[in-house]
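*Asks:* Protein chains in written order, with the UniProt record's numbering: chain P, 1 to 591; chain A, 1 to 275. Just so it is clear, CB atoms sit at the ideal spot from N, CA and C, and this is done for glycine as well. Since the structure is predicted, the reported quantities are computational estimates derived from the model, not experimental observations. So that we are looking at the same thing, I have put the structure below in C-alpha cells.
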Amino acid sequence: MVDVTPGSVGPIPPAEVAEMELYHPHSWWTKYVFSQDAKVIAIQYSCTALAIGLVALVLSWLMRLQLGFPGTFDFITPEAYYQFITMHGMIMVIYLLTALFLGGFGNYLIPLMVGARDMVFPYVNMLSYWIYLLAVLLLVAGFFAPGGPTGAGWTLYPPQAIMAGTPGGEDWGIIVMLSSLILFIIGFTMGGLNYVVTVLQGRTRGMTLMRMPLTVWGIFTATVMALLAFPALFVACVMMLLDRVLGTSFFMPAIVEMGEQLQHSGGSPILFQHLFWFFGHPEVYIVALPAFGIVSDLISTHARKNIFGYRMMVWAIVGIGALSFVVWAHHMYVSGMHPYFGFFFATTTLIIAIPTAIKVYNWVLTLWRGDIHLTIPMLFALGFIVTFVNGGLTGLFLGNVVVDVPLSDTMFVVAHFHMVMGVAPIMVIFGAIYHWYPKVTGRMLNHAMGMFHFWVTFVGAYLIFFPMHYLGLMGVPRRYNELSDMGLIGESAHHLNAFISIMAFIVGFAQLVFLFNLIWSIRHGKEAGGNPWRATTLEWQTAHTPPTHGNFGKELPIVYRWAYDYSVPGAKEDFIPQNEPGSFGPSREPA
Amino acid sequence: MAVVLVLVLVVVGSVVFHLVSPWWWTPIASNWNYIDNTIIITFWITGVVFAAVVLFMAYCVYRFRHKEGQKAHYEPENKRLEWWLTVITGFGVAAMLVPGLFVWHRFVTVPTDATEVEVLGQQWQWSFRLPGKDGKLGLAETSLVTSDNPLGLKTDDPNGQDDVIVQAADLHLPIGKPVKMLLRSIDVLHDFYVPEFRAKMDMIPGSVTYFWFTPTRTGTFEVLCAELCGQGHPFMRGVVMVDTEEDYTAWLGQQQTFAQLTPPQQTSSVEPASH
Numbered sequence: 001m002v003d004v005t006p007g008s009v010g011p012i013p014p015a016e017v018a019e020m021e022l023y024h025p026h027s028w029w030t031k032y033v034f035s036q037d038a039k040v041i042a043i044q045y046s047c048t049a050l051a052i053g054l055v056a057l058v059l060s061w062l063m064r065l066q067l068g069f070p071g072t073f074d075f076i077t078p079e080a081y082y083q084f085i086t087m088h089g090m091i092m093v094i095y096l097l098t099a100l101f102l103g104g105f106g107n108y109l110i111p112l113m114v115g116a117r118d119m120v121f122p123y124v125n126m127l128s129y130w131i132y133l134l135a136v137l138l139l140v141a142g143f144f145a146p147g148g149p150t151g152a153g154w155t156l157y158p159p160q161a162i163m164a165g166t167p168g169g170e171d172w173g174i175i176v177m178l179s180s181l182i183l184f185i186i187g188f189t190m191g192g193l194n195y196v197v198t199v200l201q202g203r204t205r206g207m208t209l210m211r212m213p214l215t216v217w218g219i220f221t222a223t224v225m226a227l228l229a230f231p232a233l234f235v236a237c238v239m240m241l242l243d244r245v246l247g248t249s250f251f252m253p254a255i256v257e258m259g260e261q262l263q264h265s266g267g268s269p270i271l272f273q274h275l276f277w278f279f280g281h282p283e284v285y286i287v288a289l290p291a292f293g294i295v296s297d298l299i300s301t302h303a304r305k306n307i308f309g310y311r312m313m314v315w316a317i318v319g320i321g322a323l324s325f326v327v328w329a330h331h332m333y334v335s336g337m338h339p340y341f342g343f344f345f346a347t348t349t350l351i352i353a354i355p356t357a358i359k360v361y362n363w364v365l366t367l368w369r370g371d372i373h374l375t376i377p378m379l380f381a382l383g384f385i386v387t388f389v390n391g392g393l394t395g396l397f398l399g400n401v402v403v404d405v406p407l408s409d410t411m412f413v414v415a416h417f418h419m420v421m422g423v424a425p426i427m428v429i430f431g432a433i434y435h436w437y438p439k440v441t442g443r444m445l446n447h448a449m450g451m452f453h454f455w456v457t458f459v460g461a462y463l464i465f466f467p468m469h470y471l472g473l474m475g476v477p478r479r480y481n482e483l484s485d486m487g488l489i490g491e492s493a494h495h496l497n498a499f500i501s502i503m504a505f506i507v508g509f510a511q512l513v514f515l516f517n518l519i520w521s522i523r524h525g526k527e528a529g530g531n532p533w534r535a536t537t538l539e540w541q542t543a544h545t546p547p548t549h550g551n552f553g554k555e556l557p558i559v560y561r562w563a564y565d566y567s568v569p570g571a572k573e574d575f576i577p578q579n580e581p582g583s584f585g586p587s588r589e590p591a
Numbered sequence: 001m002a003v004v005l006v007l008v009l010v011v012v013g014s015v016v017f018h019l020v021s022p023w024w025w026t027p028i029a030s031n032w033n034y035i036d037n038t039i040i041i042t043f044w045i046t047g048v049v050f051a052a053v054v055l056f057m058a059y060c061v062y063r064f065r066h067k068e069g070q071k072a073h074y075e076p077e078n079k080r081l082e083w084w085l086t087v088i089t090g091f092g093v094a095a096m097l098v099p100g101l102f103v104w105h106r107f108v109t110v111p112t113d114a115t116e117v118e119v120l121g122q123q124w125q126w127s128f129r130l131p132g133k134d135g136k137l138g139l140a141e142t143s144l145v146t147s148d149n150p151l152g153l154k155t156d157d158p159n160g161q162d163d164v165i166v167q168a169a170d171l172h173l174p175i176g177k178p179v180k181m182l183l184r185s186i187d188v189l190h191d192f193y194v195p196e197f198r199a200k201m202d203m204i205p206g207s208v209t210y211f212w213f214t215p216t217r218t219g220t221f222e223v224l225c226a227e228l229c230g231q232g233h234p235f236m237r238g239v240v241m242v243d244t245e246e247d248y249t250a251w252l253g254q255q256q257t258f259a260q261l262t263p264p265q266q267t268s269s270v271e272p273a274s275h
C-alpha cells in the first residue's frame, strides 16, 4: 500500500515490452468515421447517446403533457402513452446512460488517464461502436414498425409484453426491442472487454492500480459488473423472443386471453423478473459507479484538495460492485416470490447503504478545509451530492422490505429512481462534460450558458422529483396515464401533476441551451490551453490539446505519484501532475 | 453565495414541504399501522441525515470557497473519523432494518383464524371468490376457464360447489376479521392494491400469491391494479366495501354459489365423481 502515500516516489519498473506500432489511418474515412482511435470512438458514442437521449427527453415531455393535462391532447392515446414511457425508460437507462458512461467517458478517459496510447483492441473497439449504432437505429425503427414500439414498460415483464393487450405485443414492437437489446449487449461486450483489459494491462510505468484516478476505478468496476450482468438480460431477451416468435413457453404459463386459451403452458413469468433484475440492479450501479468515480475527481480538482480517504473510496467502489449482485430481488418484494426472500434481500440492500454513505461522507469531507472554486463542474458536483443523497435515502424506504409494500409500484418509486439514477448521474455527466470539453475540443464551454443550464437543471429537477414522492405516498400508482376519478386523491394532486409537468418543460428547455452551447463553443469558446483546471491526472499533461492519435508524444508518461496531489505543503503550485518526479514537503503521517 | 443560500433552501424547503403540504398517505383502514410506523422511523432518520449532509456542505462552501491566497488543507485520510462514521451509519441502518424485518415477519405470517378470500385478476377486471359453508375454497385452474366457468373451478371438486362467486362486482368484507387474500390471475401480471390497506401483492398467472390484513374501519375503498397489465391498466379498478357484521351477512346472503351459477348438465356430471 506504499503507492497511495501521497508525495512518495515509488520505484518505477523498467519497460519490459517494446511499444506496439499503432494502426495508422490512411484516409478521411478511417480517420474520422471508421476510426480505431478510442477518442474518436468516444465522441461517436457520446454524440449518438446524446442524440437518442434527446428523443427520450421529447418522450418525457409527451408523457408529462398527458399526466399534467389529461384529456387535453387527443394524440396521446393510452397505447401511445405506454409506448412513450417504455421507450423513455429504455433509452435513458441503456442507450444513453450506459453507453455514455462506458462507451463515451470510458473510451475517452481510460487510455488517457492510465497512460496508454489507445485501447488494447482498437479494431474490436471500433466494431463495438458500430454495433451500438445499429442497436440504436433498430430501436428507432420501432417507432416506424407496424403497431409502433412496444409499450410493455421498460421492464418488459411477460406475459403482457408479448400479448395483444399491450402495444407492440403482437406486432413488431417487442421483437424490435428485444433484438435491439441483444445487439446492444453484443456491442457492449466488445467495448467492455477493451476497457477491462486496458485497465489491467495497458497502464503506463508507475501507474499502479492504487494510483489510478477514481474515475478509472469507477468505470473499470462498472464494466466488470456489466460484463457479468448483461448476459442475464441477454438470455432473458432470447427466451422471450423464442416465446413470442416460436411459441415456446419459457415465461408463459397457461393463459386465457380475452376468453381464449393460448397455446402456452408451464412457463414462469417470475423467472423473467429474476433474470431481468439480476441484470437490472447491477445496472443501477453500472451507471452509478462511473458517476461516483468522476464526481470524486471533479470535487478534488475544483476544491484543490486530495480526495478524502482514497483507499476507502476504492474499496467502497469495489464493495458496492460486489454487493450489488446479491440485492436484485429488492425490486420484487411484491412480485409474489417466496416471502422469506424478503429477509435476505432487505438485509443485503440496507448493508449496501454503508459503503455508499462512506462515499458521500468522503465527498463532503473533501470540501472541508478545501479551496473551493465554484466552477460549473463543481456546481454540478454539488448538485449531484444533493440529489444523490436524497435519492439514496429514499432507497432506504424501498429497500426495507415491509416499507416497500405500500410504496412499491407507486410514484414514490418513480421519484426515487429518477432522483438517484436519473438526475444524480446526469448531474455528473454534465459536470464531466464541462470539465473535459476543453480537453476534447481545446475550448471552454460558454460560462453564462453553463450557469443558466446548471441552475435551471438542478433547481428544476429537484422541484420535479421531490414532490413526486408524496404522490406515491398517497398511493398514486405509477404507469397510469390518467388518474381521472381516483377517489383517494384530491384536486390538489392534479395541480401538483400540472406543476411537475411545467417544470419538466422548463428543465427540458435548459437542455436545449446546453446542446446549443456544445455546438457553439466548438468555434466560439474561449481557448482553453492544455490544462485549464490545473489538474494532476495524465490526460491534462498531453503534448497536444486535443490529444492526437496515440495520446502522448514520443514518450509515454511515467507516473510517480497518485492522482490527488493538490495543495501539497511545500510545493510551488497547488497541484503536482502525476508524471512529475520528485518529492515535496512532509508525507502524510502514517495511518 | 447563491449556492450556499440554495443549499440551505433545499433543506428548509424540503422539511417545510414535508410538514405542511396537503399530500400525505390516506387514512389507514387496516391493521398495518406497523408499516406506517416503520415509514415514520425511516423519515426521521433519513431526514436528519439529509439535512446534516446538505447543511454541512453548505457550510463548507460558505467557509472554504476560494479567496485570493487561500490554500487547501492537506489531509489524505483520517482512519479514526472514517471508522466512526462507518459505525454510526451502521447503527442508523440497523435502526431502520430491524423494526422493518420484525414487521415483515408479521406481514408474512398469516393468523390461523384468517378467512380465505380469492381475488382473480384478468384484463381488466376483478372477480372474487369466498369459501362457502365448508370454509374451503375449491381447486381452480386457468386451463378450465370457459365462459360458463369464468374462474376456472374444478367442477369435480366438492369443496368448490358452495364457493361464493362474485364476478366483476364489488367485494365485501366484514370488519375486524383477518382475511388472507389469495391472489390469482388468468392472463398477465396484476397487483391487488388498496392504498388504505397499505398491503399489495402481484398476481401471477400459474401461481397463487397472498397477503393478509384485518380491516379496521368500515367504508368503501377503491382497488387499483398496481402492476402494468396492458393498455387498460389504469382503468382496472374495483371496489372493496368493509361492512359491519350484519351488513356483511345480508350481502353474503344475496350472492350466488358456484353450484347455483353452473348450468345443470355440468352439475349432474359432477355427481358420479363425488361418490
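#1: Using only the alpha-carbon positions, how far apart do glycine 487 of chain P and valine 119 of chain A sit?
#2: Quick one: Cα of isoleucine 426 of chain P to Cα of cysteine 225 of chain A, how far?
#3: Could you tell me if lysine 526 of chain P is buried or exposed, where buried requires 16 or more neighbouring beta carbons within 10 angstroms of its beta carbon?
#4: Does the region 162-176 of chain A come close enough to the region 118-132 of chain A to have 3 or more Cβ pairs within less than 8 Å?
#5: Which of the three DSSP states is assigned to valine 179 of chain A in this structure?
#6: Look at the alpha carbon of glycine 267 of chain P and the alpha carbon of alanine 140 of chain A, and state the distance between them as a whole number of angstroms.
#7: Would glycine 431 of chain P and phenylalanine 465 of chain P qualify as a contact pair, given that the criterion is a beta-carbon distance under 8 Å?
#8: Which ranges does the alpha helix (DSSP H) cover as unbroken runs of at least 4 residues, wholly within the region 308-341 of chain P, from first to last along the chain?
#9: Out of P/Gly475, P/Pro158, P/Ile294, P/Gly202, state which residue places its alpha-carbon closest to the alpha-carbon of valine 188 of chain A.
#10: Under three-state DSSP, which class holds alanine 563 of chain P?
#11: Compare the C-beta of lysine 200 of chain A with all C-beta atoms of chain P and state if any pair is closer than 8 Å.
#12: Below 8 Å on the Cβ atoms is my guess for serine 567 of chain P versus tyrosine 62 of chain A; work out the distance and round it to an integer in Å.
#13: Looking only at C-alpha atoms, which of A/Trp124, A/Val11, A/Val20 sits nearest to valine 49 of chain A?
#14: Determine, for serine 492 of chain P, whether the minimum Cβ-Cβ distance to residues of chain A falls below 8 Å.
#15: Can you check the region 92-130 of chain P for any alpha helix (DSSP H) of at least 4 residues that lies completely inside it and give the ranges in chain order?
#16: Three-state secondary structure (DSSP) at arginine 237 of chain A?
#17: Please list the segments of the alpha helix (DSSP H) lying wholly inside the region 486-567 of chain P, counting only runs of 4 or more residues, in order along the chain.
#18: Using CA atoms only, rank isn't needed, just tell me which of P/Thr366, P/Pro355, P/Phe388, P/Leu262 is closest to valine 145 of chain A.
#19: In the DSSP assignment, find the beta strand (DSSP E) that holds valine 165 of chain A and state where it starts and stops.
#20: Using 8 Å as the threshold, is the region 497-516 of chain P in touch with the region 450-470 of chain P, meaning 3 or more CB pairs across them?
#21: Have a look at the DSSP bridge pairing and note the partners of isoleucine 372 of chain P.
#22: So, is alanine 18 of chain P buried or exposed, given that buried needs 16 or more other C-beta atoms within 10 angstroms?
#23: Take every Cβ of the region 105-116 of chain P, pair it with every Cβ of the region 523-541 of chain P, and state whether three or more of those distances are shorter than 8 Å.
#24: Using a Cβ cut-off of 8 Å (strictly closer), state whether glycine 232 of chain A contacts chain P.
#25: Report yes or no: is there a C-beta of chain P within less than 8 Å of the C-beta of glutamine 266 of chain A?
#26: With 8 Å as the threshold, decide whether the Cβ of alanine 591 of chain P is near any Cβ in chain A.
#27: May I ask you to report which of helix, strand or coil DSSP gives phenylalanine 102 of chain A?
#28: Please decide whether serine 127 of chain A counts as near chain P, where near means a Cβ-Cβ distance under 8 Å.
#29: Considering only residues of the same chain and omitting the five flanking positions on each side of glutamine 160 of chain P, which have a CB-CB separation below 8 Å?
#30: Run down chain A in chain order and give the residues with a C-beta less than 7 Å from the C-beta of isoleucine 385 of chain P.
#31: Roughly how many angstroms lie between the CA atoms of tryptophan 130 of chain P and glycine 187 of chain P, to the nearest whole one?
#32: Could you check the C-alpha separation between valine 224 of chain P and serine 143 of chain A for me, to the nearest Å?
#33: Quick one: what does DSSP say valine 360 of chain P is sitting in, helix, strand or coil?
#34: Could you confirm whether any beta carbon from chain P is found closer than 8 Å to the beta carbon of valine 8 of chain A?
#35: Using 8 Å as the limit for Cβ to Cβ distance, is lysine 177 of chain A near chain P?
#36: Chain A beta carbons: is any one of them nearer than 8 Å to that of histidine 418 of chain P?
*Replies:* Reading it off the structure:
#1: 21 Å
#2: 32 Å
#3: exposed
#4: yes
#5: strand
#6: 18 Å
#7: no
#8: 310-323
#9: P/Pro158
#10: coil
#11: yes
#12: Their Cβ separation, rounded to whole angstroms, is 19 Å, which puts serine 567 of chain P and tyrosine 62 of chain A out of contact at 8 Å.
#13: A/Val11
#14: yes
#15: 107-114
#16: strand
#17: 491-524
#18: P/Leu262
#19: According to the sequence displayed, residue 165 of chain A carries isoleucine and not valine. Element bounds for isoleucine 165 of chain A: 164-166.
#20: yes
#21: A/Arg65
#22: exposed
#23: yes
#24: yes
#25: Reliability of the predicted coordinates at glutamine 266 of chain A is poor, the pLDDT of 49 falling under 50, and the value obtained from them is presented with this limitation in mind. Taking Cβ atoms only, chain P never reaches closer than 8 Å to glutamine 266 of chain A, which makes this a no.
#26: With a pLDDT of only 35 at alanine 591 of chain P, under the threshold of 50, the placement of this residue in the model should not be trusted, and no figure is reported.
#27: helix
#28: no
#29: Ala152, Thr166, Gly169
#30: Met57
#31: 8 Å
#32: 44 Å
#33: helix
#34: no
#35: no
#36: no
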